[in-house]
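Undergrad: Can you read through this structure? Questions will come right after.
Next up, the structure:
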């Protein structure tokens, strides 16, 4: 049957190759091409969604690459990866629409983004450990160049920190994959084989788990290895930080579920209390630091740390849960949180980007009373902010509800993380109050509201935010089918 | 079942229409709320006829969302619908010259829909969702005139207060669902033992937050900066009632210990906020304090063990208090302020409105045969018959007295002084809304009987309490009218307005304990306020510290690493002298070292 | 027993001349010392009944050392050794290395168990057997040695010749 | 048995002297002499091993021949490189050869 | 078509074992004849013809090599092994020499005795092939000697002060270490009684002498494959001599030396675990020293010299795991292929751009294609997927971990991160402000295109290689 997954995966790469190949393309042409390609990829992803994902891995496509080593090109999706694929294609399409105003070196900008799209999709659909690692590294390289070339003032240092952090972080994963490979008796890199019969046990499994956890902790990020996130976000171009927050953080959490949880289940179960404690601390820490921020972008970056803390809490609870019901509940919450965080934080970064285009500052103090002047942008920011603080009826509530419900059942004391909701509420309201409400200072009088391009970018995300909040079952049915079947 | 759907979807559709068409907002809003009323009435009739509607919507996996129409919820839905209609009617007039009609009516319709969902919700998740939605609506509506300074701060404070208290609801729900395994409210209430006690206390915390009981009543005072229809609808009849509604619906869950705590909390609130009302200089803030106090009554009734009395008082209070607020709205328009000093003599100027205002006030004070008397009497009777009568009954009496005092004082202040008759635009619409509610305040007393029978439970009646209640109410009124506040409160007065917001009452007998209680609550109130924002300040401190560690600590590490390797590189390079003989010597010594290692290795193994 | 005496004698001669090579200040004298040292080594071969190797060694070394002397004259500033120049550097370190190296090897010689000692060597048979070894077992080795000699010739010429243009 | 030990000791000492020579001398030719001595030591070892331990294994003698070739070729190419060096630098001293370093 | 089956089938009855042996070493003979042919064309005053002849000769040798894939026999009574290692050495090293010869042409185009360069290159390759298939001690000595002698002359070829100094130092270093190796080997002969490397299993009887012999061999081959602490000659020789010779030294003779070490380690007595630990120690030292020293170089050729020293450290990962993990041989051969292609490409571009790091500024912008190729070579040297370097290193790490040297694999991984820092110092200025545009001659473009093709092909189609190796 038609290899839809592979086609969708390599379509952006084809676009990037096309852009590199014909240097004569004008800026507008490059934007148009980027849009068309990412649009087609979105169609492909919709096709994949239509085909649906069963309990295990479905739509699997396999081409032998190194049979004598057991490495092959294997791609496929399941309930956990399919929603993330959808999230990726949507966010990329939206950021392509948004970055229509990028003028300098637009061609290579588009090519890098298309490459990044293929790499991120690759990570979610890869079923072969080497392929997963290859795409994992390529996302890193692409993002480095995006930040380094199109970022703001301190971009070089931020890009370098980002690169060194995640590269050093990704090496333990390489060791873990090798460990798994050498542990599996018919020597193979097939992740499905790792999941069905976890190859390692005892100390080796624990070592592999720790290695994997370090890599994904850097990528998620989790406290103490999270300092690259705010620096990278503040310096990255708007579209870059939308992708960085929307998609790249999910690589870490997706890896945590796919590798740490499914491939070394008993090791994770032993380490679950510590991971849960760290997750709760990260969540609260993220919220507190966000409260201390005056720069809007850093504020949102730290709230991402908070939200990712909830995801890791969900996964840790799932690992520790004995009965499948609670495990499914916590995992559903974690996966849905990933998707909704992608949409909400993506929208927030876009809005802050639009604000930055107009005011060239991200300091809340300097802004004031903007709701009167730019009502469109203002109200959308309020919608996204309320979604981010977990207001029911919007994207984050169903996910956080499930995570906390699951947490209460397994680690009652860990539910102190709920305090995070109030702190986030406090910081967002303070942000809205200082930036949007109150008397508008005359500096911003001539500011004009959202342009057509900006509306086209933000409206789909707003619809998604309300959609996921009101009707989470559309996503949850698919996710639940897989999380139910995960028998650890 | 369509009627239940209509009650919710009516206002929701109106909201969408208003936002879409952005024209004729008031009409559309009225239409929406009217549809809700029709839906609620038909549901009520249906339910009265014995029908029970239930609908399940797909929600979270194995936690579906449910809507139920039981007698209790149907009655509540009807109350909300009725009050909404009248307030929206009034708001049409109130907002005539005001800008932002589209935003206002859209948010009001949104609120109505959310309130109906909360009332009709059959499972905890939907209830929690609606609970937070009305919090959002209150935030938006309080902050309607967000340009004026102070309003945004008040809206934020209101939302944060309720949000912090809502944590209690979150935790309570988690406990209930995990114990009962399902999110269906009736089934979760049979959960017993310590879980039930913990859950009930948590639910009580959330309800106290929403219904502005002490110590969480600070936000309601601040919320008065919103437009008056908002205060009328949200901050008197519906939103603040959500706390009481939640407690009434979750009543079976409460073990006796929790009931006592609830009753005590209610009683304390009645007295404290009553004192505040008495000493208040601003009409709307007075009415806000009185709202907290009246909800204290309902908690008293619940604590006394008769949810039906609480329901009755809730119903009646909704009508009376929104009427009073609507009246104050008219006065506000006339004198463009709600300070008593500015409102002197407005009574004479607007005799008709003042008459309605007075009737509603008297009903509130519990003057027979108005509606307030019946419900207040039921509450006093309930506290009298309850096992904890020794605590609850005296508090109820003092509360009634205080109510009498501040109603009378308000009327007196509004009546004396000469009139300056400025025109008030849209008086006809406002009049219509106001008169409807006043009529209700009068008539509703008689409707209580059939209502309680419908809900299945019967109003406690006791001749002694009836006489005593009426007597105390009249005494309060007389005191309020003739004795000036200074003589009533004495030393309390000055400090009361500023922060204590606590009135005097009987000098010796009441002052000292009230003052102590007031000071305690105020510091507590300030503490909570600082607590909520303090978390931020503490957080800020912590945040600033953690932000510093971020930049200095961990990033520094990475670049120190880079510098370290470079210096190692230079040292390695110096080894490369370029002189062959030195290099040869190094090579030979290297070989000798390897040989030595090897020798040790082979000998050791 | 006689054999041990002869081997020891020639050994000492070889070592002594070896040391002289590096201690004399004159190049020519050190070249001659090396010549005698190598011939002493050849004599040791003869003493150990490896006649073919011994003769070969002596003849080869005679020619080789004379060539070395000629080159030394070309390259050295003071071939005659008149000024008594000491052309050494890092003296003590290399002494230590040399002595240490020798001691280590001697240690190994004593400690290692060398297994059974062969009594005597079949007379008159050596050259024939060496030829067989050369032609059969180590055929490719011999060829490769030949090729190495060829490469050495080409390399030396390529390196040493003046650049025409 | 004694002769073998004596021969091996001679070989070892020759190796030692050769090593000392090649490390301590500044002149290329002297270093080559050192190498010659080391190789001579190796040859003594080989002949001793052949004679006393494995008389029938003629590969030992073959090895001696190979070592002789190595001695000869080392000297040949050594002088070749020395000549080139002498032509372009005027000396074959190790001390002068220090331009390439680091 | 000479296939192994045909060999064993018909030919053996017909002729003596000698003929069969000669057929087995036909590729080596072909390289030898090419060398001689190149020289003869020089003598006939036809220098223009000698390069094409050399290249065709080498390609013929490669073709002969491909016929022998999968053969596992010994030629000349076991002295020379024709197994995976030596056959693949032919298949990998001959084309590399051909490409290096083409590169050398740029540097030696119209100087006199141009033909000798190509013939010396071929002779050195013969030396390397002899080393790769060494079954006898003497081949170790002859292999080291043969390749060293040829390359002394090549390094001295430019005949200026720097080149002769480099050649002299290289000669002294080579002869001393060669002498030490020979001295050590005598003890192996003494203990084992035969010069066959396979006879070294009997070394267990005298562990001390065997140990001394092993260290000596390690010194000799260490010099050849430039392990630390025997690498001191390499940077000066690469820098002094022509860049093409540096490329040759860093690939052909190094791979020959390492394959020789494999042939030695393969037959070591099984209880000699300490010897493997020693090699692992040397590996860790070589990798770290190589990368650290490369981090601070400004001369690109010296930088690549140190990076090639570091890469030989990675080779040792495979050598250490030779008897424990079946992955070892395959990883060594694959990494050799990957290393040859990416290193050659890098040297080709450095040849054109110039020795100084500053001459690289803006190169990526003025020559985009060559710039991208250089980035790919360097990134592949680091081991970033999906290029050849990654696959090779990945297998090496796998082999090391399989053989229980996990700590060595961790050091190797940390070193590959360190090497990223090294290569970024070249890549980053390449995309700085462009200065003068460097013109690329057609030959260099041809060379790095071939190298680029192999770097990408090996990365993606590693299976083709892996399938062949047993």
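Chains as they are written, first to last, in the numbering used here: chain E, 174 to 661; chain V, 17 to 621; chain X, 28 to 192; chain C, 959 to 1060; chain Z, 9 to 478. C-beta: ideal position from N, C-alpha, C; glycine also. Treat the numbers as computed from the prediction; the structure is a model and nothing was measured.
#1: Quick one: using the 10 Å Cβ neighbour count with 16 as the cut-off for buried, is residue 308 of chain E buried or exposed?
#2: Is it true that the CB of residue 972 of chain C sits closer than 7 Å to the CB of residue 1010 of chain C?
#3: Just the chain E side, please: which residues come within less than 8 Å of residue 393 of chain Z by C-beta, in chain order?
#4: With a floor of 3 residues, list each beta strand (DSSP E) that falls wholly inside the region 28-82 of chain X, ordered by position along the chain.
#5: Along chain E, which residues have their Cβ under 8 Å away from the Cβ of residue 74 of chain V?
#6: Quick one: Cα of residue 542 of chain E to Cα of residue 168 of chain V, how far?
#7: Would DSSP call residue 238 of chain E helix, strand or coil?
#8: Apart from the five residues just before and just after residue 562 of chain E, which ones in its own chain have a Cβ nearer than 7 Å to its Cβ?
#9: Does the distance from the C-beta atom of residue 261 of chain E to that of residue 293 of chain E stay below 7 Å?
#10: Which residue's Cα is closest to the Cα of residue 185 of chain Z: Z/202, Z/335, Z/227 and Z/169?
#11: With DSSP run on the structure shown, which of helix, strand or coil describes residue 520 of chain V?
#12: Among the candidates E/369, E/350 and E/370, whose CA atom is the shortest distance from the CA of residue 362 of chain E?
#13: Taking the alpha carbon of residue 280 of chain V as the reference point, which residue from V/175, V/407 and V/94 has its own alpha carbon closest?
#14: Take residue 497 of chain V as the anchor and find which of V/584, V/615, V/374 and V/593 has the nearest alpha-carbon.
#15: Around the C-beta of residue 475 of chain E, are 16 or more other C-beta atoms found within 10 angstroms, so that it is buried, or is it exposed?
#16: Which residue wins for smallest C-alpha separation from residue 662 of chain E, given the options V/221, V/166 and V/23?
#17: Indicate the three-state DSSP secondary structure (helix, strand or coil) for residue 88 of chain Z in the structure shown.
#18: Under 7 Å Cβ to Cβ from residue 100 of chain V, same chain only, skipping five residues before and after it: list those, please.
#19: Name the chain X residues that come within less than 7 Å of residue 596 of chain V, Cβ to Cβ?
#20: Along the region 1042-1059 of chain C, where does the CB come closer than 9 Å to a CB of chain V? Name the residues.
#21: Please identify the residue among Z/177, Z/154 and Z/60 whose C-alpha is closest to the C-alpha of residue 126 of chain Z.
#22: How about residue 395 of chain Z and residue 322 of chain Z: do their beta carbons lie closer than 7 Å?
#23: With 7 Å as the threshold, decide whether the Cβ of residue 609 of chain V is near any Cβ in chain X.
#24: Taking 7 Å as the CB-CB cut-off, is residue 561 of chain E touching chain Z?
#25: Is the region 272-290 of chain V in contact with the region 329-349 of chain V, if contact means three or more CB pairs nearer than 8 Å?
#26: Counting contacts by CB-CB distance shorter than 7 Å, is residue 1035 of chain C in contact with chain X?
#27: Mind checking residue 548 of chain V: buried by the 16 CB within 10 Å criterion, or exposed?
#28: Could you work out which residues of chain X lie near residue 960 of chain C, taking near to mean beta carbons separated by less than 8 Å?
#29: Using DSSP with H/G/I as helix, E/B as strand and the rest coil, what is residue 320 of chain V?
#30: Shorter than 7 Å from the beta carbon of residue 404 of chain Z to some beta carbon of chain V?
#31: Please say whether residue 160 of chain X and residue 1148 of chain C have beta carbons closer to each other than 7 Å?
#32: Give the straight-line distance between the Cα atoms of residue 50 of chain X and residue 289 of chain Z, rounded to the nearest whole angstrom.
#33: Looking at the structure shown, is residue 251 of chain E part of a helix, part of a strand, or coil, going by DSSP?
TA: Well, looking at it:
#1: Along the first chain, one-based indexing puts residue 308 of chain E at 135. So residue 308 of chain E ends up on the buried side.
#2: Working through the fourth chain from its first residue, we reach residue 1010 of chain C at position 52. Working through the fourth chain from its first residue, we reach residue 972 of chain C at position 14. No, Cβ-Cβ distance for residue 1010 of chain C and residue 972 of chain C is not below 7 Å.
#3: Taking the first residue of the fifth chain as 1, we reach residue 393 of chain Z at position 385. Within 8 Å Cβ-Cβ: 303, 306, 307, 310 and 311.
#4: none
#5: The residue given as residue 74 of chain V occupies position 58 in the second chain. The answer, in chain order, is 644 and 646.
#6: Against the first chain, residue 542 of chain E aligns to sequence position 369. Against the second chain, residue 168 of chain V aligns to sequence position 152. Going from the Cα of residue 542 of chain E to the Cα of residue 168 of chain V covers about 10 Å.
#7: As a first step, residue 238 of chain E must be located in the first chain, where it is residue number 65. Three-state result, residue 238 of chain E: strand.
#8: Indexing the first chain from 1 puts residue 562 of chain E at position 389. Answer for residue 562 of chain E: 594, 597, 598 and 601, listed in chain order.
#9: On the first chain, residue 261 of chain E is found 88 positions in, with the first residue counted as 1. On the first chain, residue 293 of chain E is found 120 positions in, with the first residue counted as 1. In contact: residue 261 of chain E and residue 293 of chain E (Cβ atoms closer than 7 Å).
#10: As a working note, residue 185 of chain Z is residue 177 in the fifth chain. When each option's Cα is compared against that of residue 185 of chain Z, the closest is Z/227.
#11: Along the second chain, read from residue 1 onward, the residue named residue 520 of chain V stands at position 504. Confidence in residue 520 of chain V is poor, its pLDDT being 34 and thus under 50, which makes the residue's placement unreliable; the coordinate value appears in the next sentence. Coil.
#12: Residue numbering aside, residue 362 of chain E sits at position 189 when the first chain is read from its first letter. Of the candidates E/369, E/350 and E/370, the one whose C-alpha sits nearest the C-alpha of residue 362 of chain E is E/350.
#13: The residue labelled residue 280 of chain V in the question sits at position 264 within the second chain. Nearest of V/175, V/407 and V/94 to residue 280 of chain V, Cα basis: V/407.
#14: Within the second chain, the letter at position 481 stands for residue 497 of chain V. Nearest C-alpha to residue 497 of chain V: V/374.
#15: If you number the first chain from 1, residue 475 of chain E lands on position 302. So residue 475 of chain E ends up on the buried side.
#16: Here chain E covers residues 174 to 661 and nothing more, so residue 662 of chain E does not appear.
#17: Here the question's residue 88 of chain Z lines up with position 80 in the fifth chain. Residue 88 of chain Z falls in the strand class under three-state DSSP.
#18: Translated into positions along the second chain, residue 100 of chain V becomes position 84. Answer for residue 100 of chain V: 49, 52, 128 and 249, listed in chain order.
#19: In the second chain, residue 596 of chain V corresponds to position 580, counting from 1. The contacting residues do not exist; residue 596 of chain V stays about 11 Å from chain X at best.
#20: 1052, 1053, 1055, 1056, 1057, 1058 and 1059
#21: Your numbering for residue 126 of chain Z matches position 118 in the fifth chain. Ranking Z/177, Z/154 and Z/60 by Cα distance to residue 126 of chain Z puts Z/60 first.
#22: Counting from one through the fifth chain, the residue named residue 395 of chain Z turns up at place 387. Counting from one through the fifth chain, the residue named residue 322 of chain Z turns up at place 314. No, they are not a contact pair.
#23: In the second chain, counting from the first residue as 1, residue 609 of chain V sits at position 593. Closer than 7 Å: no.
#24: Taking the first residue of the first chain as position 1, residue 561 of chain E is located at position 388. Not an interface residue.
#25: no
#26: Residue mapping note: residue 1035 of chain C aligns to position 77 of the fourth chain, counting from 1. Yes, its Cβ sits closer than 7 Å to a Cβ of chain X.
#27: Counting from one through the second chain, the residue named residue 548 of chain V turns up at place 532. Unreliable positioning characterises residue 548 of chain V in this predicted model, as indicated by a pLDDT of 38, which lies under 50. The coordinate reading is nonetheless provided below. Per the 10 Å Cβ criterion, buried.
#28: Your numbering for residue 960 of chain C matches position 2 in the fourth chain. Ordered by position in chain X, the residues that pass the 8 Å Cβ test against residue 960 of chain C are 31.
#29: In the second chain, counting from the first residue as 1, residue 320 of chain V sits at position 304. The answer is coil: DSSP assigns residue 320 of chain V none of H, G, I, E or B.
#30: For this step, residue 404 of chain Z is matched to residue 396 along the fifth chain. By this cut-off, residue 404 of chain Z is not an interface position.
#31: Chain C is shown only over 959 to 1060; residue 1148 of chain C falls outside these bounds and no answer can be derived.
#32: For this step, residue 50 of chain X is matched to residue 23 along the third chain. For this step, residue 289 of chain Z is matched to residue 281 along the fifth chain. If I take the Cα positions, the gap works out to 39 Å.
#33: On the first chain, residue 251 of chain E is found 78 positions in, with the first residue counted as 1. Coil.
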